[in-house]
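Asks: The structure's right below; bear with me while I get my questions together.
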């Protein structure tokens with residue numbers, strides 16, 4: 009089960025709206041969606057969670073590049089919404105580098121079926137994505153949620169804890 013919401017900072021506090029991510033294919037699409045929620049180029053947070061697995065925060069400040077934080081990169085990588093957040097830059101890859109090219113692969117006869125073992129599967133996928141946080145840990149630092157606190161949030165209640173720290177828990181609950 010996924011939940012996604014936009015929190016837009018206004019003169020009067022935070023405004024929340026639920027959002028549908030089915031038409032969002034890239035981080036640029038997500039940033040555009042966030043910018044549409046802001047009237048004066050104020051801060052907009054896109055909060056995404058997959059129940060009990062991971063959560064992500066995308067912060068858009070006006071026309072600046074979006075800042076991203078993902079609580080569990082490996083869990084997010086297995087999610088269609090998580091894949092939007094796990095950009096090449098965030099993963100430390102060159103843009104368009106989807107792994108080793110075919111000429112560099114050691115083809116040992118197992119390429120048509122399952123890898124010979126789980127260990128081979130890990131090796132064949134190139135750089136493994138770890139079950140650790142990834143991105144800008146200081147994404148909410150100026151809003152009252154420091155990097156250490158962000159890393160220790162439980163994915164099941166993270167968005168509620170973030171909203172509470174921002175003073176936006178009531179508006180977030182209205183769209184939940």
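Numbering (our numbering), first residue to last: 9 to 184. Backbone N, C-alpha and C fix where the C-beta goes; we use that ideal spot for every residue, glycine too.
Between residue 59 and the rest of its own chain, which residues show a CB-CB distance below 6 Å, the 5 nearest in sequence each way excluded?
Replies: Sequence index remark: in the chain shown, residue 59 carries index 51 (1-based). Taken in chain order, the residues that qualify are 9.
Asks: Spell out the partners DSSP gives residue 15 in its beta bridges.
Replies: Position 7 of the chain shown holds residue 15. Bridge partners of residue 15: 24, 53.
Asks: Look at the Cβ atom of residue 41, then the Cβ atom of residue 15, and state whether they are nearer than 7 Å.
Replies: Residue numbering aside, residue 41 sits at position 33 when the chain shown is read from its first letter. Residue numbering aside, residue 15 sits at position 7 when the chain shown is read from its first letter. No, Cβ-Cβ distance for residue 41 and residue 15 is not below 7 Å.
Asks: Relative to the C-alpha of residue 99, which candidate in 73, 63, 141 has its C-alpha closest?
Replies: Numbered from 1 along the chain shown, position 91 holds the residue referred to as residue 99. Checking every option, the nearest Cα to that of residue 99 belongs to 141.
Asks: Kindly indicate which three-state DSSP category residue 121 falls into: helix, strand or coil?
Replies: As a working note, residue 121 is residue 113 in the chain shown. Here the model assigns residue 121 a pLDDT of 49, short of 50, so the residue's position is not dependable and the matter cannot be decided.
Asks: Could you check the C-alpha separation between residue 64 and residue 90 for me, to the nearest Å?
Replies: As a working note, residue 64 is residue 56 in the chain shown. As a working note, residue 90 is residue 82 in the chain shown. Answer to the nearest angstrom: the Cα atoms are 8 Å apart.
Asks: When DSSP builds the beta bridges, which residues end up paired with residue 43?
Replies: By 1-based counting over the chain shown, the position of residue 43 is 35. Residue 43 pairs with nothing; no bridge assigned.
Asks: Would residue 28 be called buried (16 or more neighbouring beta carbons within 10 Å of its own) or exposed?
Replies: For the purposes of this step, residue 28 is taken as residue 20 along the chain shown, with counting starting at 1. Exposed.
Asks: Give the secondary structure of residue 69 by DSSP, where H, G and I count as helix, E and B as strand, and everything else as coil.
Replies: Along the chain shown, one-based indexing puts residue 69 at 61. Strand, per DSSP.
Asks: Do you know whose CA, among 81, 61, 67, 83, lies nearest residue 55's CA?
Replies: Counted from its first residue, the chain shown places residue 55 at position 47. That would be 67, whose Cα lies nearest to the Cα of residue 55.
Asks: Who are the Cβ neighbours of residue 146 in its own chain at under 8 Å, not counting the five residues just before and after it?
Replies: Position 138 of the chain shown, counted from the start, is the residue given in the question as residue 146. Same-chain partners within the cutoff: 154, 155.
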